[in-house]
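Everything on this sheet refers to the single structure shown next.
Residue numbers (the numbering used here), protein chains in the order written: chain A, 1 to 113; chain B, 1001 to 1112.
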């Protein structure tokens, strides 16, 4: 079975803190993704990576950065957390082709106070 | 760019009744289409997907979906709903660039 794990299920941070969310997959997938999920908006793509050290902006990259130093690990960084970044963050991974299934982690619910 | 509309925000259905969730997409070519389910507190799980061939697709948990190019739709159906089907359902459309666009989701409540 494909496994995508995320470092935390719940996080509480203060405004201005630097926040790291980590995601690890065990299926040797080339692609990895970070989404943000908000009620009524579905999932919105923040960043994705198609190879080690490669990244592309998604639909809402502002206020976020990412790092992919190893194939299995993809980190999302909030440089200076703000209250409007309170949300559910979902990581996913897939093989390279467009029709390939994306497999999701359980999500991290982040609260920024 | 592709996009997805799920017209129904919330649907309530009785246990044992049939369920249909609507999904309309916008994309110029033949899309890749997916239905995912999210149970409370969980990540998303793939129910089924379509990328070519037979337009009626069978998935897990007794779900099926039909691709209708003329209507730009990919509606999800289940003949008889179980209480465990209460969840949020997302339709997504993809293209050759491996990015997915998700709909806003439909929440399904199952009453006894």
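For every residue, glycine included, the Cβ atom is placed at its ideal position computed from N, Cα and C.
So the beta strand (DSSP E) residue i belongs to, where does it begin and stop?
{"i": "residue 1010 of chain B", "result": "1010-1014"}
{"i": "residue 113 of chain A", "result": "Careful: residue 113 of chain A lies outside any beta strand (DSSP E) and carries neither H nor E."}
{"i": "residue 1111 of chain B", "result": "1106-1111"}
{"i": "residue 1093 of chain B", "result": "1087-1094"}
{"i": "residue 975 of chain B", "result": "Lying before the first or after the last residue shown, residue 975 of chain B is absent from chain B, which here runs from 1001 to 1112."}
{"i": "residue 1004 of chain B", "result": "1003-1005"}
{"i": "residue 12 of chain A", "result": "10-13"}
{"i": "residue 5 of chain A", "result": "4-6"}
Distance cutoff 8 Å, beta carbons only. Does residue i sit that close to anything in chain A?
{"i": "residue 1067 of chain B", "result": "no"}
{"i": "residue 1046 of chain B", "result": "yes"}
{"i": "residue 1071 of chain B", "result": "no"}
{"i": "residue 1061 of chain B", "result": "no"}
Based on Cα-Cα distance, which residue from the options lies nearest to residue i?
{"i": "residue 78 of chain A", "options": "A/28, A/2 and A/34", "result": "A/34"}
{"i": "residue 9 of chain A", "options": "A/2, A/1 and A/20", "result": "A/20"}
{"i": "residue 75 of chain A", "options": "A/87, A/52 and A/13", "result": "A/52"}
{"i": "residue 87 of chain A", "options": "A/17, A/28 and A/109", "result": "A/109"}
{"i": "residue 1032 of chain B", "options": "B/1062, B/1007 and B/1069", "result": "B/1069"}
{"i": "residue 1092 of chain B", "options": "B/1058, B/1079, B/1013 and B/1035", "result": "B/1035"}
{"i": "residue 1108 of chain B", "options": "B/1001, B/1013 and B/1004", "result": "B/1013"}
{"i": "residue 3 of chain A", "options": "A/23, A/47, A/63 and A/14", "result": "A/23"}
{"i": "residue 1037 of chain B", "options": "B/1090, B/1097, B/1094 and B/1011", "result": "B/1090"}
{"i": "residue 70 of chain A", "options": "A/12, A/29, A/40 and A/44", "result": "A/29"}
{"i": "residue 105 of chain A", "options": "B/1100, B/1045 and B/1026", "result": "B/1045"}
{"i": "residue 1007 of chain B", "options": "A/100, A/42 and A/112", "result": "A/42"}
{"i": "residue 16 of chain A", "options": "A/56, A/81, A/92 and A/85", "result": "A/81"}
{"i": "residue 39 of chain A", "options": "B/1101, B/1026, B/1105 and B/1073", "result": "B/1105"}
{"i": "residue 50 of chain A", "options": "A/93, A/18, A/65 and A/112", "result": "A/93"}
{"i": "residue 1027 of chain B", "options": "B/1101, B/1060 and B/1110", "result": "B/1101"}
{"i": "residue 1080 of chain B", "options": "B/1063, B/1073, B/1087 and B/1095", "result": "B/1063"}
{"i": "residue 1024 of chain B", "options": "B/1040, B/1011, B/1005 and B/1015", "result": "B/1005"}
Under a CB-based cut-off of 8 Å, is residue i close to chain B?
{"i": "residue 36 of chain A", "result": "no"}
{"i": "residue 94 of chain A", "result": "yes"}
{"i": "residue 102 of chain A", "result": "yes"}
{"i": "residue 48 of chain A", "result": "yes"}
{"i": "residue 99 of chain A", "result": "yes"}
{"i": "residue 43 of chain A", "result": "yes"}
{"i": "residue 61 of chain A", "result": "no"}
Give me whichever residues DSSP pairs with residue i in a beta bridge.
{"i": "residue 77 of chain A", "result": "A/20 and A/65"}
{"i": "residue 33 of chain A", "result": "A/48 and A/92"}
{"i": "residue 1029 of chain B", "result": "Paired residues: none, contrary to the question."}
{"i": "residue 1066 of chain B", "result": "B/1056 and B/1075"}
{"i": "residue 59 of chain A", "result": "Looking at the DSSP assignment, residue 59 of chain A forms no beta bridge with any residue, so it has no partner."}
{"i": "residue 1020 of chain B", "result": "B/1077"}
{"i": "residue 38 of chain A", "result": "A/42"}
{"i": "residue 1044 of chain B", "result": "B/1038"}
{"i": "residue 25 of chain A", "result": "A/4"}
{"i": "residue 70 of chain A", "result": "A/73"}
Residues, ordered as in the chain, of the region 1078-1096 of chain B that lie near chain A by beta-carbon distance below 7 Å
1090, 1094, 1095 and 1096
Can you give me, in chain order, the residues of the region 79-92 of chain A that have a beta carbon less than 7 Å from any beta carbon in chain B?
90
Quick one: which residues of the region 1097-1110 of chain B get their C-beta closer than 9 Å to a C-beta of chain A? List them in chain order.
1097, 1098, 1099, 1100, 1101, 1102, 1103, 1104 and 1105
Could you please tell me which residues of the region 1018-1043 of chain B, in chain order, have their CB closer than 7 Å to any CB of chain A?
1032, 1042 and 1043
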